[in-house]
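Residue numbers (our numbering): 51 to 136. Ideal Cβ placement from N, Cα and C applies to all residues, glycine included. Notes to accompany the following structure.
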């Protein structure tokens with residue numbers, strides 16, 4: 051997984067654990083992927099790892115939506131993920 055993706059997954063895990071400790075049952079989490087060549091279908095680097103890290107803390111991905119922004123440096127895709135916990 052690379053250093054940056056490991057750090058992002060670790061942060062996601064920490065935030066999920068914190069939300070659980072606070073007694074929350076809903077966690078909205080924004081995942082941003084920077085991609086300069088998104089003209090083809092391909093894996094989104096680091097996204098799956100962050101979702102897995104949050105789900106490993108007992109949360110379940112319930113909904114997800116995406117937004118895209120084009121910049122001079124490429125495209126940035128943001129996923130807003132809604133996780134739930136019973």
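Inset, instruction - With a threshold of 16 other CB atoms inside 10 Å of the CB of residue 96, please say whether the residue is buried or exposed. - result: It counts as buried.
Legend entry - Beta-bridge pairing of residue 119 - partner residues as DSSP gives them: Paired residues: 126.
Inset, instruction - Buried or exposed for residue 58, please, with buried defined as at least 16 other CB atoms from any protein chain shown within 10 angstroms of its CB. - result: Burial check for residue 58: the Cβ neighbour count within 10 Å reaches 16 or more, so the residue is buried.
Inset, instruction - State the beta-bridge partners of residue 114 as determined by DSSP. - result: Beta-bridge pairing links residue 114 to 131.
Legend entry - Unbroken alpha helix (DSSP H) run spanning residue 67, endpoints: Start and end: 53-71.
Legend entry - Distance between residue 131 and residue 119 (C-alpha atoms, nearest Å): The C-alpha of residue 131 is placed about 17 Å away from the C-alpha of residue 119.
Inset, instruction - Since I believe residue 128 is in contact with residue 116 (beta carbons under 8 Å), could you give me their beta-carbon distance rounded to a whole number of angstroms? - result: Indeed, because the Cβ distance is near 7 Å, the residues count as touching under 8 Å.
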